[in-house]
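6 protein chains.
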Amino acid sequence: MPNPNAYILTQMTWPEVEQALPTVKIAIIPLGAHEQHGPHMVESCDAVLAEEMGKRLTEKLYPEAVMTPTINMGVSPHHLHFPGTISLDPTTLIAILRDMMKSLKQHGIGQFLILNSHGGNQSTLGVAVDILTRELDVRIYYAKTTASAKDVMDRRIESKLYGHSCDREVSEAMYLAPHLVRPDKLEAADYQEGRWKKLRPGNPLQGFYYYEEMTRNGCIGDATKASAEIGKEIVETALERLAKAVQEVL
Amino acid sequence: MPNPNAYILTQMTWPEVEQALPTVKIAIIPLGAHEQHGPHMVESCDAVLAEEMGKRLTEKLYPEAVMTPTINMGVSPHHLHFPGTISLDPTTLIAILRDMMKSLKQHGIGQFLILNSHGGNQSTLGVAVDILTRELDVRIYYAKTTASAKDVMDRRIESKLYGHSCDREVSEAMYLAPHLVRPDKLEAADYQEGRWKKLRPGNPLQGFYYYEEMTRNGCIGDATKASAEIGKEIVETALERLAKAVQEVL
Amino acid sequence: MPNPNAYILTQMTWPEVEQALPTVKIAIIPLGAHEQHGPHMVESCDAVLAEEMGKRLTEKLYPEAVMTPTINMGVSPHHLHFPGTISLDPTTLIAILRDMMKSLKQHGIGQFLILNSHGGNQSTLGVAVDILTRELDVRIYYAKTTASAKDVMDRRIESKLYGHSCDREVSEAMYLAPHLVRPDKLEAADYQEGRWKKLRPGNPLQGFYYYEEMTRNGCIGDATKASAEIGKEIVETALERLAKAVQEVL
Amino acid sequence: MPNPNAYILTQMTWPEVEQALPTVKIAIIPLGAHEQHGPHMVESCDAVLAEEMGKRLTEKLYPEAVMTPTINMGVSPHHLHFPGTISLDPTTLIAILRDMMKSLKQHGIGQFLILNSHGGNQSTLGVAVDILTRELDVRIYYAKTTASAKDVMDRRIESKLYGHSCDREVSEAMYLAPHLVRPDKLEAADYQEGRWKKLRPGNPLQGFYYYEEMTRNGCIGDATKASAEIGKEIVETALERLAKAVQEVL
Amino acid sequence: MPNPNAYILTQMTWPEVEQALPTVKIAIIPLGAHEQHGPHMVESCDAVLAEEMGKRLTEKLYPEAVMTPTINMGVSPHHLHFPGTISLDPTTLIAILRDMMKSLKQHGIGQFLILNSHGGNQSTLGVAVDILTRELDVRIYYAKTTASAKDVMDRRIESKLYGHSCDREVSEAMYLAPHLVRPDKLEAADYQEGRWKKLRPGNPLQGFYYYEEMTRNGCIGDATKASAEIGKEIVETALERLAKAVQEVL
Amino acid sequence: MPNPNAYILTQMTWPEVEQALPTVKIAIIPLGAHEQHGPHMVESCDAVLAEEMGKRLTEKLYPEAVMTPTINMGVSPHHLHFPGTISLDPTTLIAILRDMMKSLKQHGIGQFLILNSHGGNQSTLGVAVDILTRELDVRIYYAKTTASAKDVMDRRIESKLYGHSCDREVSEAMYLAPHLVRPDKLEAADYQEGRWKKLRPGNPLQGFYYYEEMTRNGCIGDATKASAEIGKEIVETALERLAKAVQEVL
């Protein structure tokens, strides 16, 4: 198992980075959010999960990858009415990514994978990739942390709706970072009637709605059905597929 | 059938707009692109299809909707290596949308549907909605013009890959605006091997690639299998579903 | 007469553009507005007139010119208090022009003529030219669509003030695009007293005023005196002079 | 004659400003440039002339006006190939004007006259007025310093072309600020053949050209025919007309 | 000792934040950097130290303060030539701070302390405070993490120059986060001759120079003289003074 | 003594600039402010002092330096509640500096000294230097006009607090530009109790406060103790040191 001093930039000195660079082809940028996750998960959930996934993925890609500092806030306007949520403007997130890639390109790294745990960041990443690929002359990939294990989710998750502080996410946290979970507070979604039902994926329209229009407690799905074991299957499947996918495009 | 002077803003005088406004709840903003569509479709294809769909949808929503001028260029960096393509920066498209909604809000319209025919605009729309909903205090929806008829597409389109100057799009054009098509030039995709296969929807990674990495002639699918009849079924199904979906959220 | 497929980008496929490019020296960019034009003209008036002029001028310049998509909204803050007007911020219009020229420069076109039908865009064009010429290393020209026929206007137009939904503009529309005009609604200006008289060209001061400070019905001049024949003389004179002027600087 | 401490902000203490404000209705903002003016005028010419005109005009408007600091650089890309020229980007000039008006509005001043001596700033002022009037909710006027005396110029200036370091401008400087002129270096324009002739006002096309494309020594007209007496007639006529025009709109 | 779930936002659920807010008067924003720290400290040094100081200070201010997520990259252009350094543009850092404060203001928090461990961020903070205080109508304070213990530093640190990966910083890390230090790699600065000597604080001029112009190994001072005990005295003194200072202005 | 026509750009023609450039290594950019200076100094104080210092310093550096136009407004939000103050946004000041340096770089000048008389500009200069050095590939220095004579100030100034319209600044003005001072209005500071005492340099916290929170009359220190003789010692000492410092880094 490689030493973290050899692939996690936050834990490396500059001579260690210098030594690592000759084999490095890609930098993994973990991206999360700081937003409400219901009564049973802490608000840094996405940031921590992205970082934990990032560490494991980068280790698998050693010595061809390094991991950058985690972007620990994201685009979360939908959650701003719940106490504590902090949301970056999409242009701010793009500016952060630009500065990171520009700096790392100077060190000789020309490929990037943004490893994103928060759905609310996806559109911004689509835009960032369109803008920055050409502006900086780099190759940029992005991935939802565990989306590649969708088949596992569909098999293991009972809730019809999942995706935020739900059976899936709590399971992942139980496996990757159990301190994110308040096991004594686990709750299923407390759904509201409303416009949101017409705007979920698969409907003719998409659009902005606040999360409290959908769920009173800020969760969806049913976190009481989460388990570390489910989390493990999702996470390990995703990691394996991500590692393979990255190796294929490098 | 309502008179276009009663719901298409480009064809109305200001007293006609004034007369229409009291019942108007939503403005439909057609959004297209100006980009290569292979040897058998002209470059304004997306702009014209969005406008044609916009007209029909707005008519169905009369007297609760008006249609704005069409945004006739979009975010098309992937196509820039094909002659003639013009691409807006995502920030430019957001600026156009901001100015349009800000102007129309002053006239009393507070809900918007961006009716988009070009996949490359979708991420930018996601970002635009996140930014502008809160900045302008409006409600914004967006929809791909015919995506709600996905079941019809899956039934009627034989090609495994479709979405750009393909069986589906040429069919839609044959029905809605046949002058967009060069019937004597219809071709199937001329695919290339390459990285793009690893980046299509459903793969673990997403990322930017140029269209010529995927297809030499700029098409996908097989346009030779297109027909106005297929187009009609897709278009009319989508229009019916879109109209219903809009009515439900108004 | 050349085939539109050979010089109007919106009506061309990419192989047709590729074939046209070797002789093309300049791109014509029609620029209009979406704004109130009184009770007798529809709001797309400027956009349509610019496009019609653009087609005719580009045809005259064949095979040295191509016409781009029309920019169908412009800088119209003065008209925002009339129902339906949509105004772009000047910075948005500059962004659109930047993106268009940047895209077309990549296809090998380094000279541009912005053919503008709306007075309210002129200052923005002056600024755009100052910024973009040096930023993009291109040559940019701009022209009011029919301003070069000022002598004809002065001879044929009786109204002292003209320039917006007036004898001149309605005449041009009657010749170029009669569907823009509501012949049964033609009215002369309904002027107001006020500050605007001190701010018309020729006065010591210039400044911003809203159009309704000047005219209750949103017109100036006297549209009842318009005719397609006057329009024809203005338009054809201007086209001839514009074509000659472009040829002299190419 | 009022004391400059009562209307020139740069020469006032804050209690003096406080005392002046109750009668003040408008702030005069002198705007110049820093650019080459041929071999016989120094590069601050426009800034100094604007300031001198500003002082005299503000005095005439006492106690209804105050004069702000002079904006001593402007938009001069056309002159950048001559040694010493400094050019502001148009967006920078607009930012300066925004900050000035925003600050002064807080002190209770809601009307502004930008008194501009440099033709290259005019488009930017047109744009600034369109943007800032609505953004800041103020009234903004602008004027070329002596343009209102055009009839005098046409009578007294022999050169066909004038406008930059010419008979007119040198005359104005001889009267207002003789230290700007090198009397032993006076020269007529040293014109070049070229594209510029097709782009002067009155031609069908407008566009950007560098000043050295037009004149080798950076002047136009014939400065050897300048005189303080001509300058006096132009300046005093313009001042009288400007003062009257301002009083009429206040 | 208060529970971290009661004042560290990253470790709180939204109901916990909701419960904390009624007594909260200020949010502490830790700000660091990701930059080279010589051969004996890892590149996240500043981010980790800021976070550690933030935790301790927020605890002391309980229940009047909460701590936000740490901004783990900063303005580090001077270090960009050392492998691994990532630098944010100052405008990016200001954008992050704007978004954070705007979000938190919506939750009812109107005072902020940016607790900054990196000298290179100070100018940007000065600007951020000037801009954001008025724009967001909030009160903003900022402090270098341990600068208030300058007397202790002057007494305990032998090196004439200190401030970056030096006796002082390594001592602080040994006390607060020993994993940041490579004890077997401790080195004194390897100074270069050069321009930098003329640009250190106290000289007539200030200016930009790259860190490698000053020191070959990226350190200043003499880290071999660092100790956890020195670190403790600096840190605890600073924390006490910071807590008192915050309480006095709340 | 060199002729001002040989080193002060505002007083030079372009052929004079052309003649000067071969020996010029640096441009001196005087930077001031337009802000209240209590009842005994006019609001242009900082702009005039910076320009006067600039002239003298540039003369000393002849023929290696030229002086640019003075930036006569600065970043003064703290003073905006006193009548007359005009404040530039920090981003505006950076834009001005960018445009100036970009223009001058084209004339062959690659080093700059921003000679700043106003403390409120210092943070913005720190940021400007970080951004523009790399963006424009130039060397940038900045200095407070007389800060290098701090030892003289400490010896000659009796007031404990000084820095704005105080013994020191009035003394400098009495020596450099006596017309800035109202000798019959000289007053000592009229201090207020308040939060500012906790935010002065040397305290643990820094932060934004309005000047009227500190002093009712807008001054600090005791201007009644100012003299031209003190001013002379400060100014001449600083000029000598600045000239030497610049020569050492050229």
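Just so you know, the protein sequences line up as chains A, B, C, D, E and F, in that order. Quick note on numbering: the first sequence equals residues 1 to 250 in the numbering used here. Quick note on numbering: the second sequence equals residues 251 to 500 in the numbering used here. Quick note on numbering: the third sequence equals residues 501 to 750 in the numbering used here. Quick note on numbering: the fourth sequence equals residues 751 to 1000 in the numbering used here. Quick note on numbering: the fifth sequence equals residues 1001 to 1250 in the numbering used here. Quick note on numbering: the sixth sequence equals residues 1251 to 1500 in the numbering used here. Glycine included, each C-beta is placed from N, C-alpha and C at the ideal position. All figures in this text were calculated on a predicted structure; none of them were measured in a lab.
Assigned exposure category for residue i - 16 Cβ within 10 Å defines buried
{"i": "D/K894", "result": "buried"}
{"i": "F/E1293", "result": "buried"}
{"i": "F/G1358", "result": "exposed"}
{"i": "C/R716", "result": "exposed"}
{"i": "C/T570", "result": "buried"}
{"i": "F/T1308", "result": "buried"}
{"i": "D/R950", "result": "exposed"}
{"i": "C/T633", "result": "buried"}
{"i": "C/D630", "result": "buried"}
{"i": "D/Q975", "result": "Correcting the residue type first, residue 975 of chain D is Lys in the shown sequence and not Gln. Buried, because 16 or more other Cβ atoms sit within 10 Å of the Cβ of D/K975."}
Same chain, Cβ closer than 8 Å to residue i, neighbours up to 5 away in sequence not counted
{"i": "A/P183", "result": "H40"}
{"i": "B/H328", "result": "G370, F458, Y459, Y460 and Y461"}
{"i": "A/V246", "result": "I26, L57, L61, A65, L113 and Y141"}
{"i": "F/A1427", "result": "V1298, L1299 and E1302"}
{"i": "D/P840", "result": "V825, S873, T874 and V877"}
Residues that DSSP places opposite residue i in a beta bridge
{"i": "E/N1116", "result": "E/L1031 and E/K1144"}
{"i": "F/G1324", "result": "F/S1337"}
{"i": "C/A565", "result": "C/I526"}
{"i": "D/A1002", "result": "The displayed coordinates of chain D run from 751 to 1000. Any statement about residue 1002 of chain D would go beyond what the structure contains."}
{"i": "C/R639", "result": "C/Q611"}
{"i": "D/I758", "result": "D/M817"}
{"i": "F/G1457", "result": "E/Y1141"}
{"i": "C/T715", "result": "C/Y691"}
Proximity of residue i and residue j at Cβ, strictly below 7 Å
{"i": "D/A878", "j": "D/L847", "result": "yes"}
{"i": "A/Y175", "j": "A/V235", "result": "yes"}
{"i": "E/P1083", "j": "A/E64", "result": "no"}
{"i": "D/I779", "j": "F/M1350", "result": "no"}
{"i": "F/S1367", "j": "F/D1296", "result": "yes"}
{"i": "D/T896", "j": "D/A783", "result": "no"}
{"i": "B/G288", "j": "B/G468", "result": "yes"}
{"i": "A/P223", "j": "A/L186", "result": "The question names Pro, but residue 223 of chain A in the sequence shown is Ala. Going by C-beta atoms, A/A223 is nearer than 7 Å to A/L186."}
{"i": "C/E516", "j": "C/N503", "result": "no"}
{"i": "E/R1139", "j": "E/Q1106", "result": "no"}
For residue i, three-class secondary structure by DSSP
{"i": "B/V431", "result": "strand"}
{"i": "B/H287", "result": "strand"}
{"i": "D/T763", "result": "coil"}
{"i": "D/G876", "result": "helix"}
{"i": "F/R1306", "result": "helix"}
{"i": "A/M1", "result": "coil"}
{"i": "A/I234", "result": "helix"}
Residue i: CB within 6 Å of a non-hydrogen atom of the ligand GTP
{"i": "D/M751", "result": "As for the ligand GTP, it is missing from this structure, which has no ligand bound."}
Same chain, Cβ closer than 6 Å to residue i, neighbours up to 5 away in sequence not counted
{"i": "A/H164", "result": "I220"}
Cutoff 7 Å; reference residue i; Cβ partners in own chain excluding five residues on either side
{"i": "E/T1010", "result": "P1069"}
{"i": "E/L1115", "result": "I1028, I1029, P1030, L1031, A1050, M1053, G1054, L1057, A1143 and T1145"}
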